[in-house]
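Working notes for the structure below.
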Amino acid sequence: MEISHSLFIAFLLFAVVMFFTPGPNNIMLLSSGLNFGFRRTIPHMAGVTFGFAFMIAVTGLGLGAVFTTYPVLQTVLKYAGAAYLLYLAAAIALSAPPDPDAADRRRPMTFLGAALFQWVNVKGWVMAIGTITAYAAIASYPWNVAVQAALSLLFGAASSASWVLCGTSLQSLVKSPRAVRAFNIAMGVLLVASLYPVLHEP
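Take 216 as the starting number for the sequence shown in our numbering and just add one per residue.
What follows is the structure, encoded as structure tokens:
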């Protein structure tokens, strides 16, 4: 397997920007870190990390060609994903702060839920298709897909953990129920705002 070093470095820079900048996954992980803590958010983190890497692999192995042949499918998926993200944004914004005097019935997102979410995550599809098409020459097929999926797994894990840690670090600052509620509303608004650039992609 021969790797193009120039494309490899370019892909690393692309991955840093795409994985670590705010998007639906990162905003939800930040919110979960504040509301549930690091340990309880681990399944959510793992679902995002493995779910997206799997989507990269599947896209590279043929699903991307299906969207190229039938672009209407990508359009339908984009708007269905946007509708689901609006639902999640409302759920986050309206979620009540934890009550220390009562059993907290709220639950963080599960591994399966987070993994399945990748398939309706609009930014995720833009990243997956862009990654596979722009950096296809990073190595010969199918090694190019393997390299991109492996790097996505690595960067996804680092990004997910860093955003959850940011959320947990805010626990000492955002203590009162009113502050937590305001934070959740802000996260819901940011989640909606994250849809704007991808919905306006041609």
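A virtual CB, placed ideally from N, CA and C, is assigned to each residue, including glycine.
S246 and G382 closer than 8 Å at C-beta: Within the sequence shown, residue 246 is the residue found at index 31, counting from 1. Within the sequence shown, residue 382 is the residue found at index 167, counting from 1. The Cβ-Cβ distance between S246 and G382 falls below 8 Å.
Short Cβ contact (8 Å threshold) for H259 with A329: For the purposes of this step, residue 259 is taken as the residue at position 44 of the sequence shown. For the purposes of this step, residue 329 is taken as the residue at position 114 of the sequence shown. Taking C-beta atoms as the reference points, H259 and A329 count as a pair closer than 8 Å.
Run of the alpha helix (DSSP H) containing P239, from where it starts to where it stops: Working through the sequence shown from its first residue, we reach residue 239 at position 24. Boundaries of the alpha helix (DSSP H) harbouring P239: P239 to F251, taken from the DSSP string.
For V407, the nearest candidate out of V231, I242 and A230 (CA to CA): Mapped onto the sequence shown, residue 407 falls at position 192. Ranking V231, I242 and A230 by Cα distance to V407 puts I242 first.
Three-state class that DSSP yields for A330 in the structure shown: On the sequence shown, position 115 is the one that residue 330 refers to. Three-state result, A330: helix.
Simplified DSSP state of L292, which is helix, strand or coil: Here residue 292 refers to the residue found at position 77 of the sequence shown. Helix, per DSSP.
D316 versus T264: straight-line alpha-carbon distance, rounded: Taking the first residue of the sequence shown as 1, we reach residue 316 at position 101. Taking the first residue of the sequence shown as 1, we reach residue 264 at position 49. Legend: pLDDT at D316 = 48, less than 50; position of this residue unreliable, value from coordinates given subsequently. If you take the alpha carbons of D316 and T264, they lie about 34 Å apart.
Contacting residues, own chain, Cβ-Cβ under 6 Å from A318 (five flanking each side not counted): What you label residue 318 is simply residue 103 of the sequence shown in a count that begins at 1. Confidence at A318 is low in this model, with a pLDDT of 47, below 50, so the placement of that residue should be treated as unreliable; the coordinate-derived value is given next. Excluding five sequence positions before and after A318, none of the CB atoms of its chain fall closer than 6 Å to its own CB.
Under 8 Å between C-beta atoms of G296 and V337: As a first step, residue 296 must be located in the sequence shown, where it is residue number 81. As a first step, residue 337 must be located in the sequence shown, where it is residue number 122. Cβ distance < 8 Å, so G296 and V337 count as in contact.
I400 to A352 span [Cα, whole Å]: Within the sequence shown, numbered from 1, the residue matching residue 400 stands at position 185. Within the sequence shown, numbered from 1, the residue matching residue 352 stands at position 137. Straight-line Cα distance between these residues: approximately 43 Å.
Residues near L276 by beta carbon distance below 8 Å, same chain, minus five either side: Here residue 276 corresponds to residue number 61 of the sequence shown, with the count starting at 1. If we look at L276 and ignore the five residues flanking it on each side, its Cβ neighbours are P357 and V360.
Pair within 8 Å by beta-carbon distance, S367 and F251: Position 152 of the sequence shown, counting from 1, holds the residue named residue 367. Position 36 of the sequence shown, counting from 1, holds the residue named residue 251. The answer is no: Cβ separation not under 8 Å.
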